[in-house]
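Reading through the structure tokens given below for one structure.
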Amino acid sequence: MKGYKVITLTTFLIESQAEFPYAKGELTRLLYHVMVAAKMVNKKVNKAGLVDIIGEAGEVNVQGEDQKKLDVFANDQFIAALRSSGECCGIASEENQEIITFDDDLSRDGNYIFCMDPLDGSSNIDVNVSIGTIFSIYRRISPRGERAVLDDFLQPGTKQVAAGYIIYGSSTMLVYTTGRGVFGFTLDPSIGEFCLSHHDIKTPEDGTIYSINEGNAHEFPEGIKKYVAYCKDIDKPTHRPYSARYIGSLVSDFHRNLLKGGIFLYPHTEKNPEGKLRLLYECNPIAFLAEQAGGKASTGSHRIMEIKPHSLHQRVSIITGSLHMVEKAEAFIKEQEPIK
Ligand code: P6P
605 MKGYKVITLT TFLIESQAEF PYAKGELTRL LYHVMVAAKM VNKKVNKAGL VDIIGEAGEV
665 NVQGEDQKKL DVFANDQFIA ALRSSGECCG IASEENQEII TFDDDLSRDG NYIFCMDPLD
725 GSSNIDVNVS IGTIFSIYRR ISPRGERAVL DDFLQPGTKQ VAAGYIIYGS STMLVYTTGR
785 GVFGFTLDPS IGEFCLSHHD IKTPEDGTIY SINEGNAHEF PEGIKKYVAY CKDIDKPTHR
845 PYSARYIGSL VSDFHRNLLK GGIFLYPHTE KNPEGKLRLL YECNPIAFLA EQAGGKASTG
905 SHRIMEIKPH SLHQRVSIIT GSLHMVEKAE AFIKEQEPIK
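The following block contains the structure:
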């Protein structure tokens, strides 16, 4: 085997920063602390199956530690790491109704705000299905030295400076972009380092996987119904019927489709009339990654990253993945639009 050069995430961050002569290392330091939190969460998530030994949330485990729900634990770990980075002045988390800001001057001087779902799909932990952390980073728009304010978080996704996810699966991977391509790092537990394993990921423009919860089919918008029927039609030249693959964990479904090609759809339903997935810390980061990998992300009619958020936990419909598959779904939706 040719000389295999291990590029750790730490090395990659430092070398990437060097390409920006005026960079002060602030984003590098922030992303480094995201990596540290990811390692801490990974260690706990991997042991989740041993809950009978280490105790359930709310119990005291054999070490006498208070057991937290894993998503609360993950939230706490990322908040602590972001605070210690000194580069983050505020956080919007799926776990917290309001934004989190800090009292210390170091954090208040931070230039970045952070949106996250600390442990998406956590209901899958008990059945050993992969779960993930999803994050999105913006420059603040409020003055440095002051507490972050809500407006810092209500920026459109086009203003993201970085976004990514950690997938805690058969292996643990950190996948991120800073707007210059998508890079995947796989955790090597033997050395405790994330190592570059997927350089400049490009998602296939076409795919044969469609991911949607068909249990909601009775209430899909007409255009989505027609697109799903299209996916199921028999047509050999276009490799249909496609394969239905739906894990019910956004990071897992998105990651598989990113690498293999495919489309993920979560349209609005009666239960979630605005859509189920959150704009700030699920759809915008996923959209940034999809576009950076050559794919697409829309509500079916609007580019996800151009939506001006009105609230922290706002939900939207999302269709994302391989460029031509998303365009096809959008065409079906457009056909069904009422003639204006
Ligand atoms: P449904 C997990 O609860 C989650 O937020 C995403 O990870 C996932 O894509 C979606 O909800 C699954 O929702 O309604 O199909 O169970």
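Going by the numbering used here, the sequence shown opens with residue 605, and the numbers climb by one from there.
From the three backbone atoms N, C-alpha and C, an ideal C-beta is built for every residue, glycine too.
Check whether the Cβ atoms of residue i and residue j lie closer than 8 Å to each other.
i                 : j                 : result
phenylalanine 798 : glycine 768       : no
alanine 696       : alanine 641       : no
proline 760       : lysine 900        : no
isoleucine 867    : alanine 891       : no
glycine 699       : valine 733        : The question names glycine, but residue 699 in the sequence shown is glutamate. Cβ distance not < 8 Å, so glutamate 699 and valine 733 don't count as in contact.
proline 808       : serine 926        : yes
leucine 869       : alanine 933       : yes
isoleucine 828    : isoleucine 703    : no
leucine 800       : phenylalanine 624 : no
valine 649        : leucine 674       : yes
alanine 766       : leucine 863       : no
aspartate 804     : histidine 928     : no
threonine 705     : arginine 751      : yes
isoleucine 729    : glutamine 764     : no
isoleucine 771    : glycine 819       : no
isoleucine 813    : glycine 865       : yes
threonine 632     : isoleucine 611    : no
tyrosine 846      : asparagine 817    : no
glutamate 630     : threonine 762     : no
leucine 758       : histidine 906     : no
aspartate 756     : glycine 690       : no
valine 645        : glutamine 681     : yes
lysine 806        : glutamine 940     : no
Based on the DSSP secondary-structure assignment, which residues constitute the bridge partners of residue i?
i             : result
histidine 802 : Gly788
valine 779    : Tyr769 and Gly788
glutamate 797 : Asp792
glutamine 764 : Tyr742
threonine 612 : Cys799
Closer than 7 Å to a non-hydrogen atom of the ligand GDP - does that hold for the CB of residue i?
i          : result
lysine 880 : As far as ligands go, the structure on display features the ligand P6P and does not contain the ligand GDP.
Given 8 Å as the limit, is there contact between the region 817 to 825 and the region 853 to 864, that is, 3 or more CB pairs closer than that?
-> Not touching, per the Cβ criterion.
Decide yes or no for the touch test of the region 880 to 892 against the region 917 to 934: beta carbon pairs closer than 8 Å, at least 3 of them.
-> With a cut-off of 8 Å, the region 917 to 934 and the region 880 to 892 count as touching, because enough Cβ pairs lie within range.
Jot down the residue ranges of each uninterrupted beta strand (DSSP E) in the region 718 to 746, minimum 3 residues, whole runs only, in chain order.
-> You should have 735 to 743.
Do the region 793 to 808 and the region 833 to 840 meet, that is, are 3 or more Cβ pairs less than 8 Å apart?
-> The region 793 to 808 and the region 833 to 840 do not touch, with fewer than 3 CB-CB distances between them shorter than 8 Å.
Three CB pairs or more closer than 8 Å across the region 841 to 857 and the region 718 to 729 | Under the Cβ criterion (8 Å, minimum of three pairs), the region 841 to 857 counts as touching the region 718 to 729.
Enumerated in chain order, which unbroken segments of the alpha helix (DSSP H) with a length of 4 residues or greater are wholly contained in the region 669 to 723?
-> Complete alpha helix (DSSP H) runs here, min 4: 674 to 689 and 709 to 712.
Which ranges does the alpha helix (DSSP H) cover as unbroken runs of at least 4 residues, wholly within the region 881 to 933, from first to last along the chain?
-> Restricting attention to alpha helix (DSSP H) runs no shorter than 4 residues, the region 881 to 933 encloses them at 888 to 896, ordered along the chain.
At least three beta-carbon pairs within less than 8 Å, the region 696 to 715 to the region 764 to 783 | At 8 Å Cβ cutoff, the stretches do not touch.
Are the region 783 to 790 and the region 895 to 902 touching, with three or more C-beta to C-beta distances below 8 Å?
-> Inter-segment contact for the region 783 to 790 and the region 895 to 902 is present: three or more beta-carbon pairs are separated by less than 8 Å.
Tell me the start and end of each unbroken beta strand (DSSP E) in the region 803 to 888 that is at least 3 residues and wholly inside, in chain order.
-> Considered as a whole, the region 803 to 888 harbours 813 to 815 and 867 to 870 as its complete beta strand (DSSP E) runs of no fewer than 3 residues, in chain order.
Taking one C-beta from the region 870 to 879 and one from the region 678 to 694 each time, how about it: are there three or more such pairs within less than 8 Å?
-> The region 870 to 879, when compared against the region 678 to 694, does not touch it at the 8 Å Cβ threshold.
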